[in-house]
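Trainee: There's a structure below that I have some questions on.
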Amino acid sequence: MLALSDFHREDTLWRQQPRRLRNQGAIGVESVAAAVESVNSQFSRAEGIKRWKLLERDFLMEAEEITPTLKVRRRAILEKFAGDVDDLYA
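Each number in the numbering used here comes from the position in the sequence shown (counting from 1) with 48 added on.
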């Protein structure tokens, strides 16, 4: 299994915000796709990531999308990013 330090060494794009990754165009998408493929190789097909999407921005505490302890508020995420979620299941 790859450690976080391995991702850091392999690809500095992981330290960038989602908007910067999206602005990298194909390079950013390819970077994420390579990381997903690498992680998926360690799991069965049923356990792997099948679909993913880069969002426009990180989840924000100010927008009440995460808690002060950085837990995701799923209801808020599903409401605000409904279109993106729908795209994953279309």
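Virtual Cβ for every residue (Gly too), placed ideally from N, Cα, C. This one's a predicted model, so the numbers in the text were calculated from it and none came from an experiment.
So which of K128, E78, Y137 has the shortest CA-CA distance to A111?
Mentor: The count along the sequence shown starts at 1 and reaches residue 111 at position 63. Of the candidates K128, E78, Y137, the one whose C-alpha sits nearest the C-alpha of A111 is K128.
Trainee: Does the beta-carbon distance from T115 to R121 come in below 8 Å?
Mentor: As a position in the sequence shown, residue 115 is number 67, starting the count at 1. As a position in the sequence shown, residue 121 is number 73, starting the count at 1. Yes, the Cβ-Cβ distance between T115 and R121 is below 8 Å.
Trainee: Quick one: is A83 buried, meaning 16 or more other Cβ sit within 10 Å of its Cβ, or exposed?
Mentor: The residue labelled residue 83 in the question sits at position 35 within the sequence shown. Buried is the call here.
Trainee: Kindly indicate which three-state DSSP category K114 falls into: helix, strand or coil?
Mentor: Sequence index remark: in the sequence shown, residue 114 carries index 66 (1-based). According to the sequence shown, residue 114 is Ile rather than Lys. Of the three classes helix, strand and coil, the one that applies to I114 here is strand, per DSSP.
Trainee: Here's the rule I'm using: 16 or more other beta-carbon atoms within 10 Å means buried, otherwise exposed. How should G131 be labelled?
Mentor: Within the sequence shown, residue 131 is the residue found at index 83, counting from 1. Its Cβ having fewer than 16 others within 10 Å, G131 is exposed.
Trainee: Is it the case that the Cβ atoms of L103 and V77 are separated by a distance below 8 Å?
Mentor: To locate residue 103, count along the sequence shown from 1; it is residue 55. To locate residue 77, count along the sequence shown from 1; it is residue 29. Not closer than 8 Å, so no.
Trainee: Rounded to whole angstroms, what's the CA-CA distance from V80 to N88? Just pull it up for me.
Mentor: As a working mapping, residue 80 is identified with position 32 in the sequence shown. As a working mapping, residue 88 is identified with position 40 in the sequence shown. Taking the straight line from one Cα to the other gives about 12 Å.
Trainee: Per DSSP, V120 is paired with what?
Mentor: Position 72 of the sequence shown, counting from 1, holds the residue named residue 120. V120 pairs with I114.
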